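Just below is one structure, and these are the notes that go with it.
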Amino acid sequence: MKNFYKLLIVLFIFGATSIQAQDENNPWQISFGAHAVDQEADQGTSFTEFFNVEDNWNISSPFSMFSVSRYLGNSLSLGVGMSFNSISKYATGFEMPEASEYHTADLMLKYSFDNVLDWGDWEPFVGVGPGCTWMGDENWMTGNVTLGMNYWMNERWGLTFQSEYKHSFDDGVMDEGGSMKWSAGVSVKLGGSKSD
């Protein structure tokens, strides 16, 4: 964990010396970090249960999530992401004797409110897209809805926080019809040429 904090400090220092913005000239955003998965979440879950960390959240180690997105124009970006975790807190009715490996691959069309809302360094966004989840010996397709926020420490480096609801299209899978993924990480914007 000490090495993780050292890396964050180094990234911040280097980021402060190279200023770019994600736009047509610098269209790429790369994010990495940690996440938690709640297998108990579905349409019938009460609002407070989404935040029952002790009973429901399977929290991963740092660097268990990675995503890359490209700016398309008109505040839209297209991204892909992958994550891995170990599930030991299962949805009701799915008790297992040991933890199960959990992997996801997702595609997201993201809309940034940066040009709509003047929130300074805070950039809220929403996203939708399909995904695929692998857990134990099973796999299933999901439809994902994401709410997120970037906090830009400077014009290149930032912190990204997001909540993603993953609705399962297959019946009888191990997530009770849906799951929540909460994530926090570091983001960097880079790309082609620097505008004057």
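Counting from 1, position 59 in the sequence shown corresponds to residue 438 in the numbering used here; the numbering is continuous, with no gaps.
Don't be surprised by glycine CBs; every beta carbon is placed ideally from N, CA and C.
For clarity, every value in this text was computed on a predicted model and none was experimentally measured.
The residue from 479, 532 and 483 with its alpha-carbon nearest to that of residue 522 is 483. The continuous stretches of beta strand (DSSP E) do not include residue 556, and DSSP gives it neither H nor E. The criterion of a C-beta distance shorter than 7 Å is not satisfied by residue 478 and residue 462. Scanning 568, 545 and 562 for the CA closest to the CA of residue 512 turns up 545. Here residue 504 carries a strand assignment [DSSP, helix/strand/coil]. Under the three-state reduction of DSSP, residue 516 is assigned to coil, being neither helix nor strand.
Separation of residue 565 and residue 535 (C-alpha to C-alpha, rounded to the nearest whole angstrom) is 11 Å. For residue 452, the enclosing beta strand (DSSP E) covers residues 444 to 452. If you look at residue 464, you'll find it in the beta strand (DSSP E) that goes 455 to 466.
The beta carbon of residue 493 is closer than 6 Å to those of 502 in its chain, skipping five residues each way along the sequence. Straight through space, the alpha carbons of residue 516 and residue 495 are spaced by roughly 44 Å. Inter-residue distance for residue 410 and residue 548 is about 27 Å (C-alpha atoms, whole angstroms).
Secondary structure of residue 487 (DSSP, three-state): strand. Put simply, the backbone Cα of residue 561 is about 17 Å away from that of residue 480.
Assignment of residue 567 by DSSP, reduced to helix, strand and coil, places it in the strand class.
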